[in-house]
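Everything below concerns the one structure shown next.
Numbering (the numbering used here), first residue to last: 1265 to 1460.
Here's what the structure looks like:
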């Protein structure tokens, strides 16, 4: 079952962040790169910055009606997003806490596997744990795939769970790299979907 999906606005920030925080509470990448003390608070603040400062003003954010599912994309149309990431880098490092060196090494390990060409980048997607298995993740991802197809560019993502790899393959993504993150980090897959 899928649910109607719409573009998010400022009023959706709080419920979207709540959903993403619950979805990423025990996600392998997050556990590896974000400090354990006040972990959920740190994840929530990270997601808030990503939605409010990156996704809404510089990309696209799609949600289900009550924000049970959220996808946040960056697009090649906004060339200023790199400056925003640079501006937010100290805040992200602070949120990583004592895991900051692991966050830096994870980013460095994945950087060579990220496309050089313009892509729609699925930066984060999450479904509230109480609503998983209903097709909501796919529902909030598909508008980004459609937009990438319309623009004639690839879509790209990274995931740190093998179950997600299977989902993304069903959406047309293919694995371009498997990386075991340094510091006993999780295996992370880089995946791309060529435009249709």
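Beta carbons are placed, not taken as given, at the ideal position from N, Cα and C, and that holds for glycine.
- Item | Backbone CA spacing between residue 1302 and residue 1381 [nearest angstrom] | A straight-line Cα-Cα distance of about 37 Å links residue 1302 and residue 1381.
- Item | Opening and closing residue of the beta strand (DSSP E) in which residue 1387 lies | 1383 to 1391
- Message: What does DSSP give as the partner residue(s) for residue 1444 in the beta ladder?
- Response: 1451
- Item | At least 3 beta-carbon pairs within less than 8 Å: the stretch 1382 to 1395 vs the stretch 1410 to 1424 | yes
- Which parts of the stretch 1388 to 1434 are runs of the beta strand (DSSP E), unbroken and 3 residues or longer, counting only runs that do not cross its ends? 1418 to 1423
- Item | Buried/exposed call for residue 1305, threshold 16 Cβ in 10 Å | exposed
- Endpoints, beta strand (DSSP E) assigned at residue 1323: Note, residue 1323: beta strand (DSSP E), 1323 to 1327.
- Just the C-alpha distance for residue 1400 and residue 1328, rounded to the nearest angstrom, thanks. Approximately 7 Å between the Cα atoms of the pair.
- Classify residue 1298 as buried or exposed, calling it buried when 16 or more other Cβ atoms lie within 10 Å of its own Cβ. buried
- Message: Taking a contact to mean a Cβ-Cβ separation below 8 Å, would you say residue 1280 touches residue 1315 in this structure?
- Response: yes
- Nearest to residue 1340 by CA position, among 1367, 1354, 1324, is which residue? 1324
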